[in-house]
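Using UniProt numbering, the first residue of the sequence shown is number 1, and each one after it goes up by one.
Some notes on the structure that comes next.
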Amino acid sequence: MPKKLNYSDEDQATLLQINAEPEKILDEIIQVKLVNIQTETKKFAACLNGYFTCDLNPFESFSLIEHLDQNYGLEYVGLGASLLFFIKTSKFDANKTPQLLNELSNFYQFNQTTHNQLEQHLSNHEYLILPYVESLEVFDLD
């Protein structure tokens, strides 16, 4: 996965907080869309969102979703206006977590703190939330 996004330290701190406390990003009203599909990665096609040129485009987002599913056993569950939500499946192999985080750190250009904390997060939780937008400054989590 080539380098694509470059997050500030503040954006990375926000991403860590989102993963630690995902309930803080939920709206009062949550919409659920059920999609009858053959493969889990194709759920994304039913939920395309608007993209700016500096965000991941739909093809890049789909490639990321498919890569995480096929190589790491992380199933795409859904998205918000800025985020992709993944859960571990039975195919998830904790021994591949360092490789996964190396790839994500390269792709998102995470600093060492974010890399280490997301690796720790995955060892303690069944989910991972990743952004597909240029910046996470829109989130006010206080």
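Heads up, the beta-carbon is just placed ideally off N, CA and C, and yes, glycines get one too.
The residue among 78, 90, 54 and 26 with its C-alpha nearest the C-alpha of residue 70 is 90. With 16 or more other CB atoms across the displayed protein chains lying within 10 angstroms of its CB, residue 61 is buried.
Cα atoms of residue 79 and residue 58: separation of roughly 12 Å, rounded to the nearest angstrom. Note on geometry: alpha-carbon atoms of residue 121 and residue 19 lie some 8 Å from one another. Closest by C-alpha distance to residue 9, out of 115, 124 and 129, is 115. DSSP, read as helix, strand or coil, puts residue 86 in strand. Per DSSP, the unbroken beta strand (DSSP E) holding residue 131 starts and ends at 127 to 131. Residue 7 carries a coil assignment under DSSP once its states are collapsed to helix, strand and coil. Look at residue 75 here: in three-state DSSP terms it is strand.
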